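*Asks:*
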Amino acid sequence: IHTVRMTIIQPRIDNFSTEELPISRLLQWGTDFVKPLARLAYNGEGEFKAGSHCRFCKIKHSCRTRAEYMQNVPQKPPHLLSDEEIAELLYKLPDIKKWADEVEHYALDQAKGNDK
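Here the sequence shown stands for residues 131 to 246, where the numbers follow our numbering.
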């Protein structure tokens, strides 16, 4: 095998993407990029980076980095958001709503004693 073809199928968003690369490049990427980051994550030393990918995380409802990301509202000028800032907030709005629902569900479960 000299070449690898990878296809990601995401039917819910009607996305199909394919990439082809030499196996040597794939192995080098795994060794030079993935393995060091995986080692950090395994040791609990990795860096958290919030984004739309957080919806797949098992601590999405109680992650401080995600909470800070969701609450990051532009601070200038304080009385009026620019059109660009509003557009950025609109882009994040579905994630913000989903995060708020996840936090609410988690808090209710904790209050009921379902996890302890």
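We treat Cβ as the ideally placed atom computed from N, Cα and C, and that holds for glycine.
From a predicted model like this one, the values you see are computed outputs, not experimental measurements.
#1: Where does F324 fall in DSSP's three states?
#2: DSSP on L210, reduced to helix/strand/coil?
#3: Going straight from the alpha carbon of D162 to that of I153, what length do you get?
#4: Count the other C-beta atoms from every protein chain shown that fall within 10 angstroms of the C-beta of L169, then say buried if there are 16 or more, exposed otherwise.
#5: Under a Cβ-count criterion, where at least 16 other Cβ atoms within 10 Å of its own Cβ denotes burial, should A180 be classed as buried or exposed?
#6: With a threshold of 16 other CB atoms inside 10 Å of the CB of W159, please say whether the residue is buried or exposed.
#7: Kindly give me the distance between the Cβ atoms of R185 and K222, rounded to whole angstroms, as I take these residues to be in contact under 8 Å.
#8: Leaving out five residues on either side along the sequence, give the residues of the same chain with a beta carbon under 6 Å from the beta carbon of L220.
#9: By how many angstroms is the C-alpha of T148 removed from the C-alpha of R135?
#10: Could you have a look at I153 and say whether DSSP puts it in helix, strand or coil?
#11: So for Q201, helix, strand or coil by DSSP?
*Replies:* Reading off the structure:
#1: No answer is possible for residue 324: the residues shown for the chain start at 131 and end at 246.
#2: coil
#3: 14 Å
#4: A small correction: the amino acid at residue 169 is Arg; Leu does not occupy that position in the sequence shown. R169 comes out exposed.
#5: buried
#6: exposed
#7: Between K222 and R185 the Cβ distance is about 13 Å, and since that is not below 8 Å, they are no contact.
#8: none
#9: 7 Å
#10: helix
#11: coil
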